[in-house]
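Report on the following structure.
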Amino acid sequence: MKKQIAILGSTGSIGTQALDVIKEHSDLYEVYCLTANNKVEELAEQARQFNPAAVVIANEAKYDELKNLLADLPDIKVYAGKKAIDEIVEAEPIDMVLTAMVGFAGLNPTIHAIRAHKKICLANKETLVVAGELICKLAAEYHSPIIPVDSEHSAIFQSIIGEGDNEIEKILLTASGGPFRNFTKEQLGSVTKADALKHPTWSMGAKITIDSATMMNKGFEVIEAKWLFGVPADKIQVLVHPQSIVHSAVQFCDGAVKAQLGVPDMRLPIQFAFSYPDRLHLNGDRLDLFKHPLEFFEPDMDKFRCLALAFESIRKGGNMPCIVNAANEIVNRGFLEDRCSFMQMSDIIEKTMSRVSFSEKADYDTYVATDAEARRIAKELLEIKN
Numbered sequence: 026m027k028k029q030i031a032i033l034g035s036t037g038s039i040g041t042q043a044l045d046v047i048k049e050h051s052d053l054y055e056v057y058c059l060t061a062n063n064k065v066e067e068l069a070e071q072a073r074q075f076n077p078a079a080v081v082i083a084n085e086a087k088y089d090e091l092k093n094l095l096a097d098l099p100d101i102k103v104y105a106g107k108k109a110i111d112e113i114v115e116a117e118p119i120d121m122v123l124t125a126m127v128g129f130a131g132l133n134p135t136i137h138a139i140r141a142h143k144k145i146c147l148a149n150k151e152t153l154v155v156a157g158e159l160i161c162k163l164a165a166e167y168h169s170p171i172i173p174v175d176s177e178h179s180a181i182f183q184s185i186i187g188e189g190d191n192e193i194e195k196i197l198l199t200a201s202g203g204p205f206r207n208f209t210k211e212q213l214g215s216v217t218k219a220d221a222l223k224h225p226t227w228s229m230g231a232k233i234t235i236d237s238a239t240m241m242n243k244g245f246e247v248i249e250a251k252w253l254f255g256v257p258a259d260k261i262q263v264l265v266h267p268q269s270i271v272h273s274a275v276q277f278c279d280g281a282v283k284a285q286l287g288v289p290d291m292r293l294p295i296q297f298a299f300s301y302p303d304r305l306h307l308n309g310d311r312l313d314l315f316k317h318p319l320e321f322f323e324p325d326m327d328k329f330r331c332l333a334l335a336f337e338s339i340r341k342g343g344n345m346p347c348i349v350n351a352a353n354e355i356v357n358r359g360f361l362e363d364r365c366s367f368m369q370m371s372d373i374i375e376k377t378m379s380r381v382s383f384s385e386k387a388d389y390d391t392y393v394a395t396d397a398e399a400r401r402i403a404k405e406l407l408e409i410k411n
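Next comes the structure, spelled out in structure tokens:
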């Protein structure tokens with residue numbers, strides 16, 4: 026029997042590469058459902074190619090357009106709205122759900138999929154950033170495995186397989202450093218969105234590419250690693266590794282370090298999340314260490330304030346990472362719309378952290394309320410910058 030997969034965010038970078046993996050292993054995997062936020066034409070084209078049981082467009086205003094584009098394919102059910110996404114992941118035939126949506130929007134569908142006992146292939150890091158404690162409790166309660174898809178967390182996962190209860194002394198979380206690794210603070214003050222969107226290693230969506238440039242993406246990955254692997258933040262070390270060959274490593278209590286290496290190719294962690302514990306053949310370039318020098322540098326927390334703020338939010342705990350995530354989504358969009366500068370993003374996030382109501386103990390309703398309050402305050406601060 027082929028494994029039935031729901032892809033949340035199928036038109037994005039992770040989603041499209043996941044479809045490449047499914048196409049290459051069509052004897053093992055089948056698409057049950059595809060979802061997108063706004064990209065109707067791309068979603069319809071994917072539906073024609075993969076013939077899923079259902080498609081969902083989150084933007085309800087796009088429903089009629091999607092319905093018309095697929096009118097000649099009556100076997101494909103067409104739905105719209107966030108509630109429809111929450112409901113479709115619970116469908117009985119689904120074996121695994123790839124959460125490749127961006128931002129806070131990925132939280133609720135993930136909760137619904139966990140409660141339906143689905144295997145979660147997690148590419149939406151904000152789910153654990155915002156509500157890591159809640160998600161981990163639910164996953165344990167409903168016996169829903171979470172397999173990381175981010176290249177760094179997949180590397181850590183692959184490094185600890187077979188280690189049982191052996192103590193992890195340190196997680197070495199690698200970062201490319203983004204396009205501004207060698208810039209001074211003065212130079213960072215004048216960078217543009219066009220500069221920030223030119224990532225030196227990875228091809229990603231605009232939101233994640235900007236987060237990589239500010240290194241907030243790495244801060245979020247530290248939070249994600251804390252929850253995924255049960256390691257406190259002070260045992261997670263960020264290493265700037267421009268070549269992106271060592272995807273991350275784990276140091277154990279005897280000093281041994283295990284790492285996963287490979288050329289930058291997101292299809293590998295996506296495929297491994299689908300196939301674990303098996304490894305399947307993957308067409309693509311192979312690593313040649315004779316051609317790739319390996320360099321490692323300490324990140325500059327003063328220059329990349331977003332990374333420092335993420336660590337601060339972990340130390341504070343409670344709903345503080347949720348506050349940081351919401352504020353970051355606002356300023357990220359603001360920067361892409363030329364409404365604030367590169368350096369102003371961290372300023373607005375820091376001010377939002379000091380103004381939003383802090384809750385040491387948080388539940389789902391707290392996270393929803395916190396997200397709304399933090400977005401409102403960050404938007405107000407963004408307007409002040411104009």
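Residue 38 in this note's numbering is what sits at position 13 of the sequence shown, and the numbering runs on without skipping anything.
In this text, a Cβ means the ideal position worked out from N, Cα and C, and glycines have one as well.
By the 16-neighbour rule on beta-carbons within 10 angstroms, Gly157 is buried. Contact annotation: Pro289 and Ser273 have beta-carbon atoms that are not nearer than 9 angstroms.
Counting only runs of at least 4 residues, the segment 232-317 fully encloses the following alpha helix (DSSP H) elements, listed from N- to C-terminal order: 241-254 and 292-300. Under DSSP, Pro173 forms a beta bridge with Leu147.
Taking a 10 Å sphere around the C-beta of Cys365, we find 16 or more other C-beta atoms and assign the residue as buried.
Pro294 and Glu177 have their C-alpha atoms spaced approximately 9 angstroms apart. Under the three-state reduction of DSSP output, Ile355 falls in the helix class. Going by beta carbons, Leu197 and Leu264 fall inside the 9 angstroms limit. In this structure, the beta-carbon distance from Tyr392 to Val155 falls below 9 angstroms.
For Glu55 and Lys328, the gap between their C-alpha atoms comes out near 45 angstroms.
Between the beta-carbon of Lys143 and that of Val114 there is about 7 angstroms, and that keeps the pair under the 8 angstroms contact cut.
Taking a contact as a CB-CB distance under 8 angstroms, the pair Gly34 and Val122 does not count as one, their CB atoms being some 11 angstroms apart. Using a 10 angstroms sphere on the CB of Ile160, the tally of other CB atoms reaches 16 or more, which defines it as buried. Counting the other Cβ atoms within 10 Å of the Cβ of Ser51 gives fewer than 16, which makes it exposed. Boundaries of the alpha helix (DSSP H) harbouring Met368: Phe367 to Arg380, taken from the DSSP string. The segment 314-333 makes contact with the segment 230-248, as at least three CB pairs between them are under 8 angstroms. The beta-bridge partner set that DSSP reports for Cys58 consists of Ala31 and Ala79. Its chain contains Gly128 as the residues whose beta carbon lies nearer than 6 angstroms to that of Glu354, once the 5 sequence neighbours on both sides are disregarded; these appear in chain order. Sequence-distant partners of His266 (beyond 5 residues in either direction) whose C-beta falls short of 6 angstroms from its own C-beta, in its chain, are Thr199 and Phe321. Minimum Cα-Cα distance from Lys283 among the listed residues Gln183, Leu91 and Tyr88 corresponds to Gln183.
For Thr217, there is no enclosing alpha helix (DSSP H), since its DSSP letter is neither H nor E.
A distance of 9 angstroms or more separates the beta carbons of Leu91 and Pro77. Burial state of Ile186 is exposed, judged by a 10 Å Cβ sphere holding fewer than 16 other Cβ atoms. Between Phe254 and Ile181, the gap from beta carbon to beta carbon is short of 9 angstroms. Burial state of Thr217 is exposed, judged by a 10 Å Cβ sphere holding fewer than 16 other Cβ atoms. Residue environment for Phe315: exposed (fewer than 16 other C-beta atoms within 10 angstroms of its C-beta).
Rounded to whole angstroms, Lys108 and Lys251 show a C-alpha spacing of 30 angstroms.
In terms of Cβ geometry, Ser169 and Ala298 do not form a close pair [threshold 9 angstroms].
The beta carbon of Lys223 lies closer than 8 angstroms to those of Pro204 in the same chain, with the five residues before and after it left out. Cβ neighbours of Phe75 within its own chain (closer than 6 angstroms, five residues either side excluded): Val56. A direct Cα-Cα distance of roughly 10 angstroms separates Ala258 from Glu337. Exclusion of the five residues before and after Gln262 leaves Lys195, Ile196, Leu197 and Leu198 as the residues of its chain whose Cβ lies within less than 8 angstroms of its Cβ. Contact between Ala221 and Phe367 is confirmed by a C-beta separation of about 7 angstroms, below the 8 angstroms threshold. DSSP places Tyr88 in the uninterrupted alpha helix (DSSP H) bounded by Tyr88 to Leu94. Check the Cα spacing between Asp89 and each of Asn63, Asp100 and Ile110: the tightest is with Asn63. In the DSSP assignment, Leu198 is bridged to Val263.
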